[in-house]
Amino acid sequence: MTAGEVLAGEEAPPGDAVVVLGGEMIGVEVAAYLAQRGKIVSITRRGEKLAENMGRTMRRVFLDYLRENGAGIHTGVTYRKITGEGLLILDEEGREVLLPADLIVIAAGLVPEESAERVVEGAGLEVFRVGDCSKPRNIRWAVHEGFEAGFEI
Ligand SMILES: Cc1cc2nc3c(=O)[nH]c(=O)nc-3n(C[C@H](O)[C@H](O)[C@H](O)COP(=O)(O)OP(=O)(O)OC[C@H]3O[C@@H](n4cnc5c(N)ncnc54)[C@H](O)[C@@H]3O)c2cc1C
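To get the working numbering, take the position in the sequence shown, counting from 1, and add 1080.
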């Protein structure tokens, strides 16, 4: 499942053990959501620190919450493969570790959605790319770039 599908669902997904693959803002948010619903959560990130794209205060709140609720935090990992048992990684020291999972939530690899731009292609219209269709980030960028584009018109 993707993080968006989990957060859009009316109920928490089935299964006890969940691994969230991707430890930026979205991964941390979905991990906290799942921990709050009683799941045994592990979160993984290739980089050294979780949620570097989050504001400092919210980052602190979310990371404290994850730690206090016993989430497994795995940074600096290398992804090996998804197996029937869970997610196989190399940890920071290069050791192979299997993170058991009933469910793996993908919270990484967002790419811009460009279908809307293709609709107007060739119509001779000026096109401004703002927000996630320029580069997936957060709502502040979408609002800011939308404001700037509105100003240009
Ligand atoms: C799971 C998740 C959690 C997030 N949590 C946070 C958070 O806590 N704080 C934060 O700041 N940001 C968060 N973000 C990021 C934030 O949601 C986005 O950065 C923001 O929504 C980008 O706004 P946007 O208007 O560019 O794109 P969107 O909000 O994606 O809006 C684009 C709209 O265009 C529509 N669309 C696309 N193609 C077409 C087409 N061809 N025709 C018609 N309509 C089309 C889409 O359906 C959508 O409604 C999160 C993102 C995800 C996925």
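Quick reminder that beta carbons are idealized off the backbone N, C-alpha and C, glycines included.
beta-carbon residue i near ligand 3 non-hydrogen atom, thresh 6 Å
i	result
isoleucine 1123	In terms of ligand content, the structure shown lacks ligand 3 and carries ligand 1 instead.
Element boundaries [alpha helix (DSSP H), containing residue i]
i	result
isoleucine 1233	Element bounds for isoleucine 1233: n/a, residue is neither H nor E.
threonine 1137	1136-1148
valine 1199	1195-1200
glutamate 1176	Segment 1176-1180 is the beta strand (DSSP E) holding glutamate 1176; no alpha helix (DSSP H) there.
Separation of residue j from residue i, as counted between CA atoms
i	j	result
arginine 1217	leucine 1178	30 Å
aspartate 1096	aspartate 1182	6 Å
alanine 1083	glycine 1189	11 Å
threonine 1158	glutamate 1165	17 Å
arginine 1140	glycine 1204	47 Å
Residue i - DSSP class collapsed to helix/strand/coil
i	result
threonine 1163	coil
leucine 1170	strand
serine 1214	coil
valine 1121	strand
valine 1086	helix
Residue i and residue j closer than 7 Å at C-beta
i	j	result
alanine 1111	isoleucine 1120	no
leucine 1167	valine 1099	yes
leucine 1101	isoleucine 1186	yes
alanine 1151	alanine 1092	no
valine 1210	alanine 1229	yes
arginine 1069	glycine 1103	The shown model of the chain, from 1081 to 1233, leaves out residue 1069, and the question about it has no answer.
methionine 1105	methionine 1134	yes
Range of the contiguous beta strand (DSSP E) that encloses residue i
i	result
leucine 1101	1097-1101
glycine 1107	Looking at the DSSP string, glycine 1107 is not in any beta strand (DSSP E); the run it does join, the alpha helix (DSSP H), is 1105-1116.
glycine 1156	That residue, glycine 1156, is in no beta strand (DSSP E); it is neither H nor E in DSSP.
Residue i at chain B interface by Cβ criterion, 7 Å
i	result
cysteine 1213	You won't find chain B in this structure, because it holds only one protein chain.
Spatially closest choice to residue i from the options, by CA coordinates
i	options	result
glutamate 1193	Arg1175, Arg1220, Cys1213	Cys1213
arginine 1147	Glu1232, Leu1130, Thr1163, Phe1227	Leu1130
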